[in-house]
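Per the numbering used here, residue 2 is the first one in the sequence shown, and the count goes up by one each step.
The beta carbon of each residue, even a glycine, is placed where N, CA and C say it ideally should be.
Here is the structure we will look at, set down as structure tokens.
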Amino acid sequence: MFNRMLFCVSVCFAGCLSVCLGQQQPVAGAGKPSVSTSAAPVTQTFPLVMRQKVVAGKAPVGAKIEGELVVATLVKGTVIPRDAVFSGEVIESQAKTSSAPSRLSIRLDLAQWKTGSVPIRAYLTQWVYPVTLDAGPDLHGPEQSAKKTWNGMGQYPDPHAPAYKPFPTGADSQSGHSADTSSAVTSSRPVTMKDVEAQSNGAGGITLVSNHSNLKLDKLTTYVFSTTDPVSGRAKE
């Protein structure tokens, strides 16, 4: 049920992202008839769970990365099944310093599964499907309907909720919910990473930049990769 919901959300999210990222700047004489020679690039998004942790500044440029697809995705007539392994590499990695922001860029090159493979050109974006903690029933009172998130910001999916922070705080780790009455639940709505900006790297790719903290990827969060440069709107070559 959750996979079907996430698939629907991913399709809607990809469509909205395509419209937002694929917009063209108006040209002079826009009110006059014109003939378009090329269509706007179609944005393809891939929700992945990483197979390894990635920390900006510690993961060297050229380091190989892998992630597993969360929901089956149609790409140019080919269905890439759920759990297909996407592989790629780190192409930019810089830890935050007192004078420079943290920078991280990851490019996907290939998707593989048991019966096939397809070349991919997609980059890590600032969008994620965060993991929340379902508190479960209260063994000492009425059942609790609210879900507590790792960053303590309340229940998702509120479209106006604060941006996602990827790691639990000390206060959250002592929330009082025992491990046997709570479970991890992936949100059905994507949100942006807190204080993270997506920039064009000048070569048709995406670089994430943070002036507030060092960029880190864990193995629980679902990260969104995209085939379209969010600044120029160009499709990856």
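- Secondary structure of Arg-108 (DSSP, three-state): strand.
- Contact annotation: Ile-92 and Ile-107 have beta-carbon atoms nearer than 9 Å.
- Straight-line spacing of the CA atoms in Arg-104 and Leu-49 works out to 20 Å.
- A straight line joining the alpha-carbon of Ala-112 with that of Ser-100 spans about 37 Å.
- Per DSSP, the continuous beta strand (DSSP E) segment holding Leu-209 begins and ends at 207-211.
- Contact between Tyr-124 and Phe-226 holds, since their C-beta atoms are separated by about 6 Å, short of 8 Å.
- Within the same chain, Val-50, Met-51, Arg-52, Gln-53, Lys-54 come within 8 Å of Lys-220 by CB-CB distance, once the 5 residues on both sides are set aside.
- If you check the CB distance, Glu-198 and Gln-127 come in under 9 Å.
- A direct Cα-to-Cα measurement between Met-194 and Ile-207 gives close to 15 Å.
- Contact annotation: Thr-46 and Thr-223 have beta-carbon atoms that are not nearer than 9 Å.
- Within 10 angstroms of the beta-carbon of Lys-77 lie fewer than 16 other beta-carbons, which makes it exposed.
- The beta carbon of Asn-215 sits closer than 8 Å to those of Val-56, Ala-57, Gly-58, Ala-96, Lys-97, Ser-103, all from its chain and outside the five residues before and after it, given in chain order.
- For Arg-83, the three-state secondary structure derived from DSSP is coil.
- Nearest to Gln-200 by alpha-carbon distance, out of Val-119, Ser-211, Val-192, is Ser-211.
- For Ser-118, the uninterrupted beta strand (DSSP E) segment begins and ends at 117-130.
- DSSP places Lys-65 in the uninterrupted beta strand (DSSP E) bounded by 65-70.
- Non-local C-beta neighbours of Lys-65 in its own chain, meaning closer than 6 Å and more than five positions away in sequence, comprise Glu-90, ordered along the chain.
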